[in-house]
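For what it's worth, the numbering used here labels the leading residue of the sequence shown as 19, then goes sequentially. Backbone N, C-alpha and C fix where the C-beta goes; we use that ideal spot for every residue, glycine too. What follows is a short report on a single structure.
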Amino acid sequence: MNKLVIQGGHRLDGELRISGAKNAALPILAATLLTEDTVSIRNLPHLHDITTMIELLGCMGVKLSMDEQMRIDVRADSITEFSAPYELVKTMRASILVLGPMLARFGRAHVSFPGGCAIGSRPVDLHLRGLEAMGAEVTVDGGYINARVDGRLHGARILFETVTVGGTENIMMAAALAEGRTIIENAAREPEVVDLAQCLLAMGARISGHGTDTIVIDGVERLHGCDYAVMPDRIETGTYLVAAAATGGRIHLRHTCPETLEVVVQKLREAGADIEEGDDWVSLDMHGRRPRAVSIKTAPYPGFPTDMQAQFTALNAIAEGTATVIETVFENRLIQAHEMNRMGAHIVIEGNTAIITGQPQLQGAPVMASDLRASASLVIAALVAQGETVIDRIYHIDRGYECIEEKLQQLGADIRRSRE
Ligand code: UD1
Numbered sequence: 019m020n021k022l023v024i025q026g027g028h029r030l031d032g033e034l035r036i037s038g039a040k041n042a043a044l045p046i047l048a049a050t051l052l053t054e055d056t057v058s059i060r061n062l063p064h065l066h067d068i069t070t071m072i073e074l075l076g077c078m079g080v081k082l083s084m085d086e087q088m089r090i091d092v093r094a095d096s097i098t099e100f101s102a103p104y105e106l107v108k109t110m111r112a113s114i115l116v117l118g119p120m121l122a123r124f125g126r127a128h129v130s131f132p133g134g135c136a137i138g139s140r141p142v143d144l145h146l147r148g149l150e151a152m153g154a155e156v157t158v159d160g161g162y163i164n165a166r167v168d169g170r171l172h173g174a175r176i177l178f179e180t181v182t183v184g185g186t187e188n189i190m191m192a193a194a195l196a197e198g199r200t201i202i203e204n205a206a207r208e209p210e211v212v213d214l215a216q217c218l219l220a221m222g223a224r225i226s227g228h229g230t231d232t233i234v235i236d237g238v239e240r241l242h243g244c245d246y247a248v249m250p251d252r253i254e255t256g257t258y259l260v261a262a263a264a265t266g267g268r269i270h271l272r273h274t275c276p277e278t279l280e281v282v283v284q285k286l287r288e289a290g291a292d293i294e295e296g297d298d299w300v301s302l303d304m305h306g307r308r309p310r311a312v313s314i315k316t317a318p319y320p321g322f323p324t325d326m327q328a329q330f331t332a333l334n335a336i337a338e339g340t341a342t343v344i345e346t347v348f349e350n351r352l353i354q355a356h357e358m359n360r361m362g363a364h365i366v367i368e369g370n371t372a373i374i375t376g377q378p379q380l381q382g383a384p385v386m387a388s389d390l391r392a393s394a395s396l397v398i399a400a401l402v403a404q405g406e407t408v409i410d411r412i413y414h415i416d417r418g419y420e421c422i423e424e425k426l427q428q429l430g431a432d433i434r435r436s437r438e
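Structural data, given as structure tokens:
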């Protein structure tokens with residue numbers, strides 16, 4: 019099984035190009051099911067989750083061709099299979115995003131209940147209730163969701179009781195082809211939802227209010243092809259900024275969008291980092307200093323992203339002072355703390371709160387990755403620690419970080435992949 023072997027203690031210093039956003043690319047790939055025309059997608063990240071989504075679309079009969087720049091042409095003009103099988107869906111929760119588009123265009127979908135990260139129970143009840151409000155008949159049988167509608171879905175007013183990114187995306191895609199107007203209230207405002215809306219607009223959809231908590235979609239009879247470039251990955255950007263800050267280093271990130279990272283940048287400044295930003299770049303300089311502890315509380319956008327929580331836990335583990343990290347979006351998402359404590363961190367978990375007393379030094383140790391962002395936090399801890407850390411089960415990290423070892427090597431880190 020693949021492992022990452024890291025010799026810590028090197029200050030990161032250098033420049034990187036940020037990849038396309040995984041969490042925007044996945045719904046955009048699912049949205050290609052909404053038209054029989056060719057949709058060309060550029061700036062797709064080279065990631066395991068993207069391959070899984072491509073495989074899933076391929077299984078359904080979608081034609082895909084890709085060039086070496088990861089530009090992909092997708093044509094869903096001859097769907098033969100209306101099912102998303104457990105074998106694929108279990109490895110990636112975002113597979114649920116094919117449900118809305120399939121139902122809206124073909125009137126039926128058979129999708130396995132998703133698996134995904136081990137970060138607590140992650141239901142899809144809000145997706146299903148939203149589709150039911152639009153006229154779908156939904157049953158659950160043998161671990162599969164069966165959804166059907168006679169004719170077209172119809173518009174509805176959908177009020178989400180919890181802000182859900184995937185739920186907002188599924189309903190927005192379904193509503194694009196529904197009859198009449200759909201209003202999503204308490205909608206997710208995440209930049210990836212906005213990116214999907216922009217792609218749908220380029221396909222001829224009628225959507226307004228994306229980026230606010232009320233999205234209005236006027237359904238159209240058909241959507242057409244388009245050429246769309248996926249937005250830069252704000253979580254990858256944030257992860258490298260934190261890695262540089264934790265090592266006292268400096269970094270310049272190109273082809274990114276600092277505007278989507280405001281609260282993360284604010285917290286890094288609080289930790290003592292000098293940060294400059296332009297429209298599509300951001301640079302951070304820690305001037306060799308040890309970071310100061312910063313407390314955070316996760317919340318839906320524009321709050322502090324849950325996908326950056328683990329990385330800040332790692333930063334706090336070696337910071338000066340004590341911090342609390344409160345996770346309000348997912349349960350069980352502080353699991354990385356136990357592995358970090360094996361490296362000499364001092365983290366106490368109480369319910370959904372981690373109390374972290376920063377240590378002057380961490381020590382390398384064998385550790386195990388448990389989910390995508392938790393793995394990134396272990397990499398950050400390992401970069402700072404004295405001696406060697408071996409991170410096992412890094413398939414989690416390959417789901418969300420493109421060429422992580424090459425990128426970190428480019429910044430001067432001593433990191434390699436072992437296939438033992
Ligand atoms: C997306 C992101 C993920 C990020 C998360 C929160 C993708 C592919 N993944 O996940 O990286 O961590 O947003 O920003 O974009 N919930 C329900 N019922 C539902 C749906 C959600 O109770 O039907 C709850 C969840 O359990 C969770 C909260 O709502 O507590 C937020 O989940 P949601 O925003 O849906 O997360 P994802 O879309 O799965």
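Worksheet item: Does the Cβ of residue 429 lie closer than 7 Å to at least one heavy atom of the ligand UD1?
Response: Along the sequence shown, read from residue 1 onward, the residue named residue 429 stands at position 411. No; taking the cut-off as 7 Å, the Cβ of residue 429 has no heavy atom of the ligand UD1 nearer than that.
Discussion item. At the 8 Å Cβ level, is residue 324 part of the contact set with chain B, yes or no?
Written reply: Of the protein chains in this structure there is only one, and it is not chain B.
Fill in: Where residue 209 falls: helix, strand or coil (DSSP)
For the purposes of this step, residue 209 is taken as residue 191 along the sequence shown, with counting starting at 1. The answer is helix: DSSP assigns residue 209 an H, G or I state.
Worksheet item: Can you give, in chain order, each stretch of the beta strand (DSSP E) that sits fully within the region 31-77 and has at least 3 residues?
Response: 31-35, 56-60
Worksheet item: residue 250: which of 28, 20, 30, 60 sits nearest, CA to CA?
Response: Translated into positions along the sequence shown, residue 250 becomes position 232. Of the candidates 28, 20, 30, 60, the one whose C-alpha sits nearest the C-alpha of residue 250 is 60.
Practice prompt. Quickly, what does DSSP pair residue 341 with across the bridge? List them, please.
Written response: Residue mapping note: residue 341 aligns to position 323 of the sequence shown, counting from 1. In DSSP, residue 341 forms a bridge with 374.
Practice prompt. May I ask you to check if the CB of residue 213 is nearer than 7 Å to at least one heavy atom of the ligand UD1?
Written response: Walking along the sequence shown from the start, residue 213 turns up at place 195. Every heavy atom of the ligand UD1 is 7 Å or more from the Cβ of residue 213, so no.
Worksheet item: Which word fits residue 95, buried or exposed, when buried means at least 16 other C-beta atoms lie within 10 angstroms of its C-beta?
Response: Locating residue 95 in the sequence shown gives position 77, where the first residue counts as 1. With fewer than 16 Cβ atoms within 10 Å of its Cβ, residue 95 is classed as exposed.
Worksheet item: At what residues does the beta strand (DSSP E) containing residue 224 begin and finish?
Response: The residue you call residue 224 lines up with position 206 of the sequence shown. Residues 224-226.
Fill in: Option in 225, 370, 101, 198 with minimal Cα separation from residue 166
Numbered from its first residue, the sequence shown carries residue 166 at position 148. Residue 166 has its Cα closest to that of 101, out of 225, 370, 101, 198.
Discussion item. Pop quiz: residue 36 and residue 270 are said to be a contact at Cβ under 8 Å. What is the actual Cβ separation, rounded to whole angstroms?
Written reply: The count along the sequence shown starts at 1 and reaches residue 36 at position 18. The count along the sequence shown starts at 1 and reaches residue 270 at position 252. Not really, about 11 Å apart at Cβ, beyond 8 Å.
Worksheet item: Measuring from the CB of residue 174, is there a heavy atom of the ligand UD1 at a distance below 7 Å?
Response: Walking along the sequence shown from the start, residue 174 turns up at place 156. No.
Worksheet item: What's the gap between the Cα of residue 326 and the Cα of residue 168?
Response: As a working mapping, residue 326 is identified with position 308 in the sequence shown. As a working mapping, residue 168 is identified with position 150 in the sequence shown. Approximately 42 Å between the Cα atoms of the pair.
Worksheet item: Just the Cα atoms here: how many angstroms apart are residue 277 and residue 173?
Response: Here the question's residue 277 lines up with position 259 in the sequence shown. Here the question's residue 173 lines up with position 155 in the sequence shown. Going by the C-alpha atoms only, they are around 33 Å apart.
Worksheet entry | residue 41 versus residue 246: straight-line alpha-carbon distance, rounded | Here residue 41 is taken as the residue at index 23 of the sequence shown, counted from 1. Here residue 246 is taken as the residue at index 228 of the sequence shown, counted from 1. Straight-line Cα distance between these residues: approximately 15 Å.
Worksheet item: For the region 279-363, which segments carrying the beta strand (DSSP E) assignment without a break, of at least 3 residues, lie completely within its bounds, in sequence order?
Response: 292-295, 299-303, 340-344
Item to complete: Return the chain-ordered list of same chain residues with a C-beta closer than 6 Å to the C-beta of residue 319, the five sequence neighbours on each side being excluded.
Response: Start at 1 with the first residue of the sequence shown, and residue 319 comes out as number 301. Around residue 319: 207, 208.
Discussion item. Strictly by DSSP, which residues pair up with residue 175?
Written reply: Position 157 of the sequence shown, counting from 1, holds the residue named residue 175. Residue 175 is bridged to 201.
Worksheet item: What first and last residue would you give for the alpha helix (DSSP H) that runs through residue 253?
Response: Translated into positions along the sequence shown, residue 253 becomes position 235. 252-264 is the span of the alpha helix (DSSP H), which, as asked, contains residue 253.
Item to complete: Would you check whether the ligand UD1 has a heavy atom nearer than 7 Å to the C-beta of residue 185?
Response: As a first step, residue 185 is located in the sequence shown; it is residue number 167 there, counting from the start. Flag set: Cβ of residue 185 near the ligand UD1.
Worksheet item: Is it the case that the Cβ atoms of residue 267 and residue 29 are separated by a distance below 8 Å?
Response: As a position in the sequence shown, residue 267 is number 249, starting the count at 1. As a position in the sequence shown, residue 29 is number 11, starting the count at 1. Yes, the Cβ-Cβ distance between residue 267 and residue 29 is below 8 Å.
Worksheet entry | Rounded straight-line distance, which links the Cα of residue 377 to that of residue 115 | Within the sequence shown, residue 115 is the residue found at index 97, counting from 1. Within the sequence shown, residue 377 is the residue found at index 359, counting from 1. Rounded to whole angstroms, residue 115 to residue 377 spans 42 Å at the Cα level.
Discussion item. Give me, in chain order, the residues of the same chain whose beta-carbon lies closer than 8 Å to that of residue 242; leave out the 5 immediate sequence neighbours on both sides.
Written reply: Residue 242 sits at position 224 when you count from the first residue of the sequence shown. Within the same chain, residue 242 has close Cβ partners 53, 55, 221, 222.
Worksheet item: Quick check: the region 321-339 against the region 259-266, are there 3 or more CB pairs under 8 Å?
Response: yes
Worksheet entry | residue 439 versus residue 43 - alpha carbon distance | Here the chain covers residues 19 to 438 and nothing more, so residue 439 does not appear.
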